[in-house]
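First the structure, in the form of structure tokens, and then the observations on it.
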Ligand SMILES: Nc1ncnc2c1ncn2[C@@H]1O[C@H](COP(=O)(O)OP(=O)(O)OP(=O)(O)O)[C@@H](O)[C@H]1O
Ligand SMILES: [Mg+2]
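Given below as structure tokens:
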């Protein structure tokens with residue numbers, strides 16, 4: 001666009017004096033030119049406004065799309081999270097539900113094993129028990145993994161004689177190692193002496209890690225040797241690092257398999273499951289346990305050249321604990337047979353009642369059965385009793401609240417306190433401690449081991465005054 005009028009308004013020389021007409025024409029041209037320019041400017045402004053308007057609209061649209069997409073993503077993430085939480089919850093519930101009947105199967109199988117059976121019946125029963133235990137292990141592993149995923153894996157810190165605990169685990173595995181023709185070496189040296197060393201650790205979880213490493217080493221080694229080594233090293237004044245290594249001369253792992261080794265449900269290939277079973281959860285759980293204890297689990301291996309797994313745990317020193325000397329089996333039986341003891345059993349689950357019935361039926365006991373906490377409170381008020389076996393999770397009134405009520409009644413009436421033994425799958429240290437604080441006398445864990453049940457009952461009955 002030109003900004004100059006086409007013809008100058010003033011003439012080029014003085015001799016060429018412009019006429020009035022010329023001036024008018026020039027002014028008119030200039031006016032037209034200005035109007036034209038104004039028109040063009042207005043159009044330009046208009047088109048700029050329009051362009052700006054569509055840019056603003058576009059920006060708004062982009063903004064809306066981003067917002068919608070972000071909301072979609074948040075919704076999708078929340079849905080995936082909820083789905084995952086529901087899956088974890090489902091697995092946890094299922095595992096818990098499966099555990100109860102499974103405890104029934106295992107409890108009954110152990111009762112059956114004590115009856116007189118023919119040779120082939122014993123073999124059948126052994127298969128039943130082994131399969132039941134295997135299933136229980138799988139269910140427990142799934143439960144552990146769900147606890148880990150929900151951040152609910154609880155660890156205890158109990159004074160533990162670490163060398164003695166390792167020795168107990170090794171003793172369980174030695175027959176299998178020998179049966180496979182493998183040699184087994186144990187080296188507990190280097191660093192501080194492990195022998196007689198007491199540390200604070202979660203003994204059950206430590207045992208779980210060691211058990212999985214040893215059972216893997218045996219599974220995946222056909223020839224040669226398995227070596228277990230362990231040592232303690234002081235890290236600071238307070239804390240120590242416990243290192244446990246399991247080395248084998250087995251099939252080893254390829255670099256690719258090593259990369260996926262600690263993922264849940266990972267097994268090197270399909271043949272592993274075919275030949276050895278298992279779920280591929282062991283190492284994933286073991287690593288989480290080590291990490292939660294301030295350590296780690298690592299592996300170095302090569303295909304065909306064996307593997308070495310190294311687990312570390314951060315622990316603290318503890319004073320040795322003198323074990324309570326438990327009643328011997330014979331003494332326990334003598335106490336339970338000494339009288340027709342009056343026992344109250346509060347248990348809502350029929351299978352658990354059956355298991356208890358069969359475990360107690362060898363003794364001449366006067367047993368009253370109730371199925372909920374309220375009934376237990378009423379029975380304690382009504383009946384003279386020597387002992388109560390109390391389930392903890394019961395509908396309406398749970399076992400712990402029932403115990404608190406019973407203790408209140410006893411205090412109000414001046415009655416002697418009856419021993420109340422909690423029988424519950426909740427067996428973590430802090431759970432047991434809280435039961436004792438609320439007035440329970442002792443605790444027997446589910447799945448119930450008959451030997452432990454009888455021993456705890458005898459212990460409680462042995463301290464009763466002669467006449468009640
Ligand atoms: N010592 C080993 N030598 C060779 N491969 C091993 C060894 N330990 C573990 N693996 C490989 O890692 C996989 C995962 O081990 P993990 O202990 O998690 O599961 P699993 O033993 O198969 O089943 P489970 O859940 O019963 O422990 C195994 O299936 C196997 O392929
Ligand atoms: Mg394993």
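Residue numbers (the working numbering): 1 to 468. We treat Cβ as the ideally placed atom computed from N, Cα and C, and that holds for glycine. In this text, all values refer to a predicted model and were calculated from it rather than measured experimentally.
Asked	Found
Nearest neighbour of residue 469, chosen from 276, 220, 307 [CA to CA]	Missing from the structure shown is residue 469; the chain here goes from 1 to 468 and no further.
Cβ contact (3+ pairs, closer than 8 Å) linking the stretch 149-163 and the stretch 304-323	yes
Environment of residue 452 [buried if 16+ CB atoms lie within 10 Å]	exposed
Proximity of residue 381 and residue 409 at Cβ, strictly below 8 Å	yes
Cβ-heavy atom distance, residue 250 to ligand 2, below 7 Å	no
Separation of residue 57 from residue 3, as counted between CA atoms	In this prediction, residue 3 has a pLDDT of 47, which is less than 50 and means its spatial position is unreliable; what the coordinates show is noted afterwards. Approximately 34 Å between the Cα atoms of the pair.
Closer than 7 Å: residue 282 CB and nearest ligand 1 heavy atom	yes
Element boundaries [beta strand (DSSP E), containing residue 183]	183-187
One or two residues paired with residue 200 in a DSSP bridge	159, 316
Terminal residues of the beta strand (DSSP E) in which residue 445 lies	442-445
Spatial distance of residue 303 from residue 88 (CA atoms)	35 Å
Through-space distance from residue 46 to residue 39, alpha-carbon basis	10 Å
C-alpha distance - residue 252 paired with residue 395, whole-angstrom precision	51 Å
Through-space distance from residue 393 to residue 406, alpha-carbon basis	17 Å
Backbone CA spacing between residue 427 and residue 445 [nearest angstrom]	6 Å
C-alpha gap between residue 183 and residue 135, whole angstroms	29 Å
Status (buried if at least 16 other CB within 10 Å, exposed otherwise) for residue 21	exposed
Residue 205 versus residue 59 - alpha carbon distance	57 Å
Beta-carbon proximity check, residue 144 vs residue 153, cutoff 8 Å	yes
Spatially closest choice to residue 166 from 180, 244, 129, by CA coordinates	244
From 352, 438, 216, residue whose alpha carbon lies closest to that of residue 106	352
Cβ pair residue 447, residue 137 closer than 8 Å	no
Opposing strand residues paired with residue 390 [DSSP bridges]	346, 422
Opening and closing residue of the alpha helix (DSSP H) in which residue 405 lies	399-413
Three-state class that DSSP yields for residue 463 in the structure shown	coil
Residue interval of the beta strand (DSSP E) (run including residue 369)	366-370
Meets three-Cβ-pair contact criterion under 8 Å: the stretch 281-299 and the stretch 166-178	no
Boundaries of the alpha helix (DSSP H) in which residue 57 is found, first to last residue	20-113
Classification of residue 419 by the beta-carbon crowding that lies within 10 angstroms, buried from 16 upward	buried
8 Å contact criterion, which residue 230 and residue 194 should meet: CB distance rounded	6 Å
Buried or exposed by the 16-neighbour rule on C-beta atoms within 10 Å, applied to residue 110	buried
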